[in-house]
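Encoded as structure tokens, the structure appears first; notes follow it.
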Amino acid sequence: MQVVKRILSLLPKGFLWRLSALNIVMIASVILLSGLATYYTACSLVGAISDFNSQQQSLFNQTLFNYLLIFAIMTFILGSLLHFYSTKKLIKPIRNLIEATMQLKKGKYPEPTAETAHGEVGELVTHFNGLIRQLEANEETRRKMISDLSHELRTPLTNLNGYLQALRDGDMQGSQALYEALHKETKHLMDLTEQMEMLKEWGDMSSRIYTEYNNVDVAELIKQCTAVFQWKLEREHLDIYVHAESCEMSVHAKGIRQVINNLIENAIHYHKGENENTIRLEGKVEYGYYHLSVSGPSERIPAEDQERIFERFYRSNDARNRQYGGSGLGLAIAKEIIEQHNGRIGLTTNERYNTFWFTLPISSIEGAN
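Just so you know, we're using the numbering used here here: the sequence shown kicks off at 140 and counts up by one.
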């Protein structure tokens with residue numbers, strides 16, 4: 140064992156050279172053993188079955204030895220070269236992965252490694268490239284979230300700071316309107332913090348969500364949600380039309396209620412229609428799914444915004460969202476909740492109406508409880 144360790148310590152450090160050196164030793168050993176076996180067997184057989192005298196036998200032995208030596212050297216060189224070439228080709232993508240990993244360790248995202256290999260090594264390269272793309276996407280999302288969060292906090296904090304400085308310097312006197320403005324800004328910050336915490340909670344909930352499911356009638360849940368908004372609808376001079384089919388389902392009632400509330404509130408906030416004052420809420424069972432939609436007259440949402448409207452902090456009209464106190468988190472929370480229920484959420488729009496909808500698989504949800 141010590142001899143083997145000693146020999147291995149003398150080999151080059153590179154994996155390619157170590158593998159090549161070991162292969163050369165193996166090729167040489169095989170050629171030597173097979174050559175010796177062939178030589179002695181042939182010499183013995185010829186000596187036993189032929190009438191060669193000693194001089195002829197010696198000449199035959201020498202000629203056979205020379206030929207075997209030439210063939211052995213040629214086989215050794217050719218085998219070593221072929222092995223070195225094939226091993227180098229096999230090791231190259233692994234070397235590229237090592238270099239890419241070193242760049243990643245330094246905080247740099249490497250270029251995708253060329254997927255030239257096949258088999259397990261090729262699969263490793265493919266997964267590594269996918270990992271790099273995912274890490275880049277996560278980093279971009281992280282930077283965007285930090286930027287959006289900074290932007291979202293800047294306005295209320297700037298307003299609060301301005302009001303407080305004015306009060307401190309005596310440039311402004313306390314009044315009911317001022318206190319209401321301060322309360323509005325602090326409430327916006329509190330709502331933002333609460334929504335961020337809710338989003339984090341649902342993101343961490345995938346492993347335990349099913350333990351908090353309850354059997355509820357979705358139609359009754361919708362009725363409860365619309366009742367909450369009656370005062371707001373009256374204040375905005377809006378009506379709500381509700382047609383929801385009854386369906387007993389096992390869902391996270393608090394979460395689904397939050398989704399419905401977000402969609403109704405969204406329809407109220409963005410309502411725009413002089414002669415159209417009705418928000419429509421419809422729920423029905425279709426092909427094993429419960430489909431719920433909330434629609435109302437509003438400005439048309441551009442196609443580029445439709446793709447991103449469910450992202451965190453994304454807002455299609457920043458000024459208008461600021462006016463209504465929107466944080467860009469409501470739809471992101473709704474999306475997270477629906478996806479935790481194995482459902483889908485989306486938006487369809489035309490020139491006058493925007494319809495937010497979600498679908499929940501009835502059978503899989505009932506079976507989860």
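C-beta atoms are modelled at their ideal positions from N, C-alpha and C, and glycine is treated no differently.
Quick caveat, the model's predicted, so the values are computed rather than measured.
**Message:** Looking at PHE368: is its Cβ nearer than 8 Å to the Cβ of ILE403?
**Reply:** Taking the sequence shown and counting its residues from 1, one reaches residue 368 at position 229. Taking the sequence shown and counting its residues from 1, one reaches residue 403 at position 264. It is a contact, given that the beta carbons lie within the stated cut-off.
**Item:** Three-way DSSP call (helix, strand, coil) for LEU486 in this model
**Value:** What you label residue 486 is simply residue 347 of the sequence shown in a count that begins at 1. Looking at LEU486 - three-state DSSP - the assignment turns out to be strand.
**Asked** Are the Cβ atoms of GLU364 and ASN400 separated by less than 8 Å?
**Response** Taking the first residue of the sequence shown as position 1, residue 364 is located at position 225. Taking the first residue of the sequence shown as position 1, residue 400 is located at position 261. Note that residue 364 is Cys in the sequence shown here, rather than Glu. Cβ atoms of CYS364 and ASN400: closer than 8 Å.
**Request:** Tell whether a beta-carbon distance below 8 Å holds between GLY435 and ASN493.
**Result:** Position 296 of the sequence shown, counted from the start, is the residue given in the question as residue 435. Position 354 of the sequence shown, counted from the start, is the residue given in the question as residue 493. Yes. Within cutoff.
**Residues bridged to MET329 (per DSSP)** = Taking the sequence shown and counting its residues from 1, one reaches residue 329 at position 190. Secondary-structure assignment with DSSP links MET329 through no beta bridge to anything.
**Request:** Could you check the C-alpha separation between LEU292 and THR265 for me, to the nearest Å?
**Result:** Here residue 292 refers to the residue found at position 153 of the sequence shown. Here residue 265 refers to the residue found at position 126 of the sequence shown. One C-alpha to the other measures close to 40 Å.
**Message:** Restricting to Cα atoms, I'd like to know which of VAL357, GLY174, GLU475 and ALA392 is closest to VAL381.
**Reply:** Position 242 of the sequence shown, counted from the first residue, corresponds to residue 381. Of VAL357, GLY174, GLU475 and ALA392, the residue nearest in Cα terms is VAL357.
**Message:** Let's see if you can read the secondary structure: which residues bound the alpha helix (DSSP H) around LEU198?
**Reply:** Locating residue 198 in the sequence shown gives position 59, counting from the first residue. 193 to 244 is the extent of the alpha helix (DSSP H) around LEU198.
**Message:** So MET388 and VAL355 are supposed to be a Cβ contact under 8 Å. How far apart are they, rounded?
**Reply:** Here residue 388 corresponds to residue number 249 of the sequence shown, with the count starting at 1. Here residue 355 corresponds to residue number 216 of the sequence shown, with the count starting at 1. Going by Cβ atoms, the distance from MET388 to VAL355 rounds to 7 Å, so yes, they are a contact pair.
**Prompt:** Near SER159, which residues of its chain fall below 8 Å by C-beta distance, leaving aside the five closest residues on each side in sequence?
**Reply:** As a first step, residue 159 is located in the sequence shown; it is residue number 20 there, counting from the start. Answer for SER159: SER219, HIS222, PHE223 and THR226, listed in chain order.
**Asked** Taking the C-alpha atoms as reference points, what is the distance between GLN184 and ILE212?
**Response** On the sequence shown, position 45 is the one that residue 184 refers to. On the sequence shown, position 73 is the one that residue 212 refers to. It is Leu, not Gln, that sits at residue 184 in the sequence shown. Rounded to the nearest angstrom, the gap between the Cα atoms of LEU184 and ILE212 is 25 Å.
**Message:** So, at 7 Å on beta carbons, what are the nonlocal neighbours of GLU90 in its own chain, with the 5 sequence-adjacent residues on each side left out?
**Reply:** Any question about residue 90 goes unanswered here, given that the chain covers just 140 to 508.
**Request:** May I ask you to report which of helix, strand or coil DSSP gives ASN400?
**Result:** Here the question's residue 400 lines up with position 261 in the sequence shown. Note: ASN400 maps to helix in three-state DSSP.
**Asked** By DSSP, does THR365 sit in helix, in strand, or in coil?
**Response** In the sequence shown, the residue the question calls residue 365 occupies position 226. In the structure shown, THR365 sits in a helix (DSSP, three-state: H, G or I).
**Residue span of the alpha helix (DSSP H) that contains GLY469, given as start and end** = Here the question's residue 469 lines up with position 330 in the sequence shown. Counted as a single uninterrupted DSSP element, the alpha helix (DSSP H) harbouring GLY469 occupies residues 469 to 479.
**Message:** Please classify SER437 as buried or exposed, where buried requires at least 16 neighbouring CB atoms within 10 angstroms.
**Reply:** Within the sequence shown, residue 437 is the residue found at index 298, counting from 1. SER437 sits buried, since 16 or more C-beta atoms from the chains shown fall within 10 Å of its C-beta.
**Item:** Cα-Cα separation between MET335 and ILE476, rounded to whole angstroms
**Value:** Stepping through the sequence shown from its first residue, residue 335 is reached at position 196. Stepping through the sequence shown from its first residue, residue 476 is reached at position 337. Going from the Cα of MET335 to the Cα of ILE476 covers about 13 Å.
**Item:** Reduced DSSP category for ASN416 - H, G, I as helix; E, B as strand; rest coil
**Value:** Locating residue 416 in the sequence shown gives position 277, where the first residue counts as 1. Coil, per DSSP.
**Asked** Grouping DSSP H, G and I as helix and E and B as strand, with all else coil, what is THR252?
**Response** Within the sequence shown, the letter at position 113 stands for residue 252. In the structure shown, THR252 sits in coil (DSSP, three-state: anything other than H, G, I, E or B).
**Helix, strand or coil at PHE495 [DSSP, three-state]** = Mapped onto the sequence shown, residue 495 falls at position 356. Of the three classes helix, strand and coil, the one that applies to PHE495 here is strand, per DSSP.
**Item:** GLU443: first and last residue of the uninterrupted alpha helix (DSSP H) it sits in
**Value:** Within the sequence shown, residue 443 is the residue found at index 304, counting from 1. That run of the alpha helix (DSSP H) goes 442 to 445.
**Item:** Close beta carbons around GLN445, own chain, < 8 Å, minus the five adjacent residues each side
**Value:** Translated into positions along the sequence shown, residue 445 becomes position 306. Once the five neighbours on either side are set aside, the close Cβ partners of GLN445 are LEU486 and THR488.
**Prompt:** On the premise that PHE204 lies in contact with PHE191, defined as a C-beta separation below 8 Å, what is that separation, rounded to the nearest angstrom?
**Reply:** Here the question's residue 191 lines up with position 52 in the sequence shown. Here the question's residue 204 lines up with position 65 in the sequence shown. With 8 Å as the limit, PHE191 and PHE204 do not qualify as a contact, their Cβ atoms being about 15 Å apart.
**Asked** Quick one: what's got a C-beta closer than 6 Å to THR498's C-beta in the same chain, skipping five residues either side?
**Response** The residue given as residue 498 occupies position 359 in the sequence shown. Counting only Cβ-Cβ distances below 6 Å, and skipping sequence neighbours, we find TYR428, HIS430, GLY482 and ARG483.
**Item:** Rounded C-alpha distance that separates LEU296 from ARG282
**Value:** As a position in the sequence shown, residue 296 is number 157, starting the count at 1. As a position in the sequence shown, residue 282 is number 143, starting the count at 1. Spanning the two alpha carbons is a distance of roughly 21 Å.
**Prompt:** Which of the three DSSP states, helix, strand or coil, is assigned to SER159?
**Reply:** Counting from 1 along the sequence shown, the entry for residue 159 is found at position 20. Of the three classes helix, strand and coil, the one that applies to SER159 here is helix, per DSSP.
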